[in-house]
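Scroll down for the structure; my scribbles are underneath it.
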Amino acid sequence: MTEPATIAAIAAVTVITAVISARGIRIARTPADFMVAARQVPSFLNASAISGEYLSAASFLGIAGLAMLEGLGALWYAVGYAAGYLVLLVAVAAPLRRFGAYTIPDFAEGRLDSSLLRRAATGIVLIICGFYLLPQLKGAGLTLQVAFGGPEWIGVIVLGAIVTLGIASGGMKGITFVQAFQYWLKITALAVPAIFLVMVLHHPPIGSVSNSAPNFFDQRTTIEFPQTEQLTVGRAVQVDAVGQVDGVVRHGRLTLTPGTHAVSSGATLIFPTGSKAPEVEGSPSLTEQEWTSPLLHLGGAPNHPLAATYGILLATVLGAMGLPHILVRFYTNRDGQAARRTTAFVLLLLACFYVFPAIFAVLGRLEAPGLYVSGQTDSVVLVLPRLASAGILGTVLGALVAAGAFAAFLSTSSGLLISMSGALSHDIMGRGVRAFRSSAIAIGIVMTVVGIFVASISINVLVGWAFAIAASTFCPLLLLGIWWRRLTWVGALGGLALGGSTSSIAVILTMVGIGKTGWPAVLLGEPAIWTVPLSFLTMVCLSLATPRALPHDVTQKLLALHLPERVRPPAARRSELGPSATSLLATGASGRTSPR
Amino acid sequence: MTISEPPPREVVRAAPRRPSDRSLTPMRDDLYEPDAYGQELLSSLMRAQAGVSLAVLLPAISLLVLYPLLTVLLPRLAGLQVLGLPLTLIVLGGGIYPPLVLLGYWYVRRAERLEQRFVELLKEQ
């Protein structure tokens with residue numbers, strides 16, 4: 001179902017992004033320009049830009065899809081993504097801006113005087129951004145698949161190529177205005193279809209989501225299978241089949257007998273009104289009570305739900321501050337107070353946005369039960385507008401959500417790739433434009449190839465893992481570095497190493513399918529619940545054991561973090577732009593996300 | 597200060613206040629002295645700022661931690677319907693955000709006022 005409107009919408013988003021970026025580059029060329037522009041960005045615009053870069057495929061597609069699949073408890077992800085900015089606001093925003101470090105490795109080196117710590121932080125930047133980039137690519141695959149059919153990897157390669165080429169050519173940088181534009185595009189693309197669907201669609205009353213099981217198709221339902229699925233049929237049902245079922249190519253009426261059937265990718269089944277929906281292997285089928293439960297059902301099973309809920313809250317609330325591609329944006333604030341105001345606006349903008357995924361999740365459960373059968377709940381946001389109306393309205397709404405989704409992938413993945421290439425080229429490959437470009441291309445190719453292989457994992461789960469690793473590494477580094485005088489580089493390094501390795505290993509074990517039930521599933525699938533305390537504890541104990549590693553000018557550093565700009569002596573102001581800032585300005589020309 | 601004293605004249609300048617303001621210098625230099633007094637000033641500032649932060653964080657954390665816990669202790673709460681909608685949807689789908697946003701704004705105001713007081717404290721001496 002190739003739709004010109006969707007192609008046009010996605011192309012328009014890409015072109016507008018490129019055009020605004022290119023104009024922005026001409027305006028901000030020299031390091032001095034960055035600084036001047038940085039002082040002029042008002043808080044609200046800046047907050048839109050931060051939200052634009054922050055709201056990724058996980059927020060746009062993933063939360064609605066996961067909540068539809070695993071129940072309303074999955075909305076805790078959204079709550080955590082937003083609440084993370086409250087913690088960022090009260091504990092990190094103003095001091096970090098005042099300190100004047102532009103990236104987390106810069107902060108680590110500037111605060112604790114250790115280049116070893118800096119390199120460790122760089123490695124963790126690559127890991128977090130890598131985990132965060134995969135779901136963006138998967139989301140792009142899904143979007144193009146829903147719009148045009150065909151396999152998912154096409155979209156992965158398309159987005160990977162656009163972003164890699166854009167950044168390597170220097171044509172797509174994280175400019176404030178582009179990111180701000182993309183926030184407003186994203187919220188419009190979600191809000192307009194959501195409001196429209198609630199008002200116009202003849203859905204059952206929303207409240208009935210608590211008592212009507214979606215196990216029966218209440219109308220003739222067409223289900224496309226983009227991936228091969230195993231269906232378990234309870235009662236014999238007559239369907240219209242096109243494509244390969246149980247190894248035989250069908251075209252017409254077919255009776256599915258009770259038992260398991262393999263439906264190959266590309267097949268389409270049409271179920272008659274009133275038939276019972278088949279169950280899908282590996283996909284949960286929740287009772288209504290479980291679905292409306294306010295606790296997280298990991299993998300759709302009531303498996304220590306309270307612990308899983310707290311695990312995801314810890315990861316998202318504390319992980320938000322440790323996302324490398326977001327933190328650089330805070331330096332476009334004029335001073336610490338402006339950083340606070342900006343962060344408070346971000347919280348407001350995110351809260352407005354996260355109302356809509358919940359609406360899509362509920363409507364999806366009521367209106368699109370076929371997605372459970374085809375294992376495509378992640379695409380509910382993209383599919384619903386098309387189901388609502390067959391005419392031009394459905395096409396327009398479908399094109400609008402596709403454009404919003406593509407904006408989400410573009411903005412987040414370019415921010416991530418810029419952070420990764422900046423970190424890799426600055427600390428490992430040697431500085432300069434050429435190193436930055438080759439880093440971008442190398443990372444882009446590697447991530448695209450890996451992205452093809454993660455198709456089966458839910459977008460939101462992948463992003464949750466990036467947050468878990470960030471919460472177990474950079475969160476303790478930032479919180480203790482800002483508020484605790486006695487942190488040493490030895491302690492910080494130990495905490496980063498232990499927190500980073502345990503959380504990464506837990507995530508990788510879950511990815512390869514170890515620990516599917518009971519406590520192992522919770523502790524490996526939501527590692528933040530134990531890796532975050534472990535990392536904090538390691539940093540504190542090791543720091544107390546190594547008082548000699550304390551920086552000799554720790555008071556100066558704390559003053560730089562906490563003293564309001566108005567009462568600083570001129571000398572301290574200059575030192576605030578210490579080696580870290582100059583190093584940024586050196587690489588700024590090579591394309592690291594920089595304040596404009 | 598007696599009431600009969602004329603109010604201090606404010607000089608309005610085109611440029612924002614610069615750190616070279618004379619009135620600030622002596623106290624500010626204290627901050628950079630390694631002696632106990634400067635240290636004390638810094639840690640009192642940090643304590644006050646951390647206090648404002650915690651005053652905002654604690655209600656927010658208790659909201660996030662208590663709601664899931666309550667639904668486990670009172671299973672009826674989990675399945676409750678309000679105005680024909682599941683309570684879970686009302687809370688997680690939007691109701692939990694306004695308190696968080698309000699706490700954020702309250703923090704910004706309090707933190708700015710605190711810094712204003714700190715700057716005035718330095719000026720007074």
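Protein chains in written order, with this note's numbering: chain A, 1 to 596; chain B, 597 to 721.
We treat Cβ as the ideally placed atom computed from N, Cα and C, and that holds for glycine.
Keep in mind the model is a prediction, meaning the values are calculated, not measured.
Residue-level contact to chain A via CB, residue i, 9 Å cutoff
i        : result
Glu711/B : yes
Glu708/B : yes
Ser649/B : yes
Leu696/B : yes
Val715/B : yes
Leu683/B : yes
Leu620/B : Because the pLDDT of Leu620/B is 49, which lies under 50, any placement of that residue in the model is unreliable, and the number read from its coordinates should be weighed accordingly. It does: the Cβ of Leu620/B has a partner Cβ on chain A nearer than 9 Å.
Leu670/B : no
Leu718/B : yes
Leu662/B : no
Gly689/B : yes
Test: residue i CB closer than 9 Å to a CB of chain B
i        : result
Ile10/A  : no
Thr343/A : yes
Arg97/A  : no
Leu61/A  : no
His562/A : yes
Pro385/A : no
Val567/A : yes
Gly73/A  : yes
Pro294/A : yes
Gly171/A : Any reading at Gly171/A needs caution, since the residue's pLDDT is 49, under 50, leaving its predicted position unreliable; the model's value is listed next. Judged by the 9 Å Cβ criterion, Gly171/A is not in contact with chain B.
Gly578/A : Only weak support is given to the placement of Gly578/A: the predicted model assigns it a pLDDT of 41, under 50, and the value that follows is read from those uncertain coordinates. Closer than 9 Å: no.
Gln337/A : yes
Trp153/A : no
Thr332/A : no
Val512/A : no
Arg340/A : yes
Thr377/A : no
Ile529/A : no
Tyr354/A : yes
Ile359/A : yes
Pick from the options that is closest to residue i, judged by C-alpha positions
i        : options                                   : result
Ala250/A : Ile270/A, Gly259/A, Val233/A and Thr232/A : The identity of residue 250/A in the sequence shown is Arg, whereas the question assumes Ala. Per the Cα distances, Ile270/A.
Ser501/A : Leu165/A, Ile7/A and Ile128/A             : Ile128/A
Arg118/A : Gln337/A, Pro105/A and Leu313/A           : Pro105/A
Ala267/A : Thr395/A, Gly247/A and Gly364/A           : Gly247/A
Gln376/A : Ala241/A, Leu142/A, Gly123/A and Pro4/A   : Leu142/A
Ile652/A : Gly155/A, Gly139/A and Pro305/A           : Lying before the first or after the last residue shown, residue 652/A is absent from chain A, which here runs from 1 to 596.
Gln182/A : Gly415/A, Gly481/A and Gly259/A           : Gly415/A
Ile223/A : Leu479/A, Pro258/A and Tyr372/A           : Tyr372/A
Pro272/A : Leu363/A, Val146/A and Asp240/A           : Asp240/A
Ala94/A  : Lys138/A, Leu523/A, Ala189/A and Ile482/A : Ile482/A
Gly77/A  : Ile428/A, Ala320/A and Ala191/A           : It should be pointed out that residue 77/A corresponds to Tyr in this sequence rather than to Gly. Residue Ala320/A is the option with its Cα nearest to Tyr77/A.
Val41/A  : Asn333/A, Val446/A, Leu327/A and Asn460/A : Asn333/A
Ala64/A  : Phe356/A, Arg566/A and Arg386/A           : Phe356/A
Endpoints, the beta strand (DSSP E) within which residue i is located
i        : result
Arg97/A  : It is not in any beta strand (DSSP E) - Arg97/A instead sits in the alpha helix (DSSP H) that spans Ala94 to Phe99.
Phe177/A : That residue, Phe177/A, is in no beta strand (DSSP E); its alpha helix (DSSP H) goes Thr176 to Val200.
Ile270/A : Ala267 to Phe271
Arg80/A  : Note that residue 80/A is Gly in the sequence shown, not Arg. No beta strand (DSSP E) holds Gly80/A; the alpha helix (DSSP H) holding it covers Trp76 to Leu88.
Start and end residues, alpha helix (DSSP H) containing residue i
i        : result
Phe131/A : Ser115 to Phe148
Val490/A : Trp489 to Met511
Val158/A : Trp153 to Ala168
Val49/A  : Checking the displayed sequence, the identity of residue 49/A turns out to be Ala instead of Val. Counting along the chain, the alpha helix (DSSP H) containing Ala49/A begins and ends at Ser43 to Tyr54.
Phe474/A : Ile459 to Trp483
Phe353/A : Gly336 to Phe353
Heavy atom of the ligand PLP within 8 Å of residue i beta-carbon
i        : result
Cys129/A : With respect to the ligand PLP, the structure offers nothing, as it holds no ligand at all.
(message) If contact is defined by three or more beta carbon pairs under 8 Å, each pair taking one atom from either stretch, is the stretch 485–500 of chain A in contact with the stretch 540–560 of chain A?
(response) yes
(request) Spell out a yes or no on whether the stretch 79–98 of chain A and the stretch 435–444 of chain A are touching, meaning 3 or more CB-CB pairs, one atom from each, closer than 8 Å. (result) no
(request) Pick out the complete alpha helix (DSSP H) segments inside the stretch 360–439 of chain A, 4 residues or longer, and give them in chain order. (result) 370–374, 380–388 and 392–424
(request) Would you check if the stretch 94–103 of chain A and the stretch 392–403 of chain A touch, i.e. whether three or more CB-CB distances between them fall below 8 Å? (result) no
(request) Report yes or no: do the stretch 309–322 of chain A and the stretch 461–475 of chain A share at least 3 C-beta pairs separated by less than 8 Å? (result) yes
(request) Tell me, please, whether the stretch 338–346 of chain A touches the stretch 677–689 of chain B by the rule of three or more beta-carbon pairs shorter than 8 Å. (result) no
(message) Under 8 Å, with one C-beta from each stretch per pair, do the stretch 635–652 of chain B and the stretch 673–683 of chain B reach the 3-pair mark?
(response) no
(request) Evaluate contact between the stretch 436–454 of chain A and the stretch 44–64 of chain A, counting only Cβ atoms and requiring at least three cross-stretch pairs below 8 Å. (result) no
(message) I want to know whether the stretch 322–337 of chain A touches the stretch 185–199 of chain A - three or more CB-CB distances under 8 Å.
(response) no
(request) Give a yes or no on contact between the stretch 408–428 of chain A and the stretch 122–139 of chain A, applying the rule of three or more CB pairs nearer than 8 Å. (result) yes
(request) Scan the stretch 217–259 of chain A and note each continuous beta strand (DSSP E) run of 3 residues or more that stays entirely inside, going in chain order. (result) 221–225, 229–233, 237–245 and 248–256
(message) Tell me whether the stretch 151–158 of chain A and the stretch 471–488 of chain A touch, counting them as touching only if at least three CB pairs, one residue from each stretch, are closer than 8 Å.
(response) no
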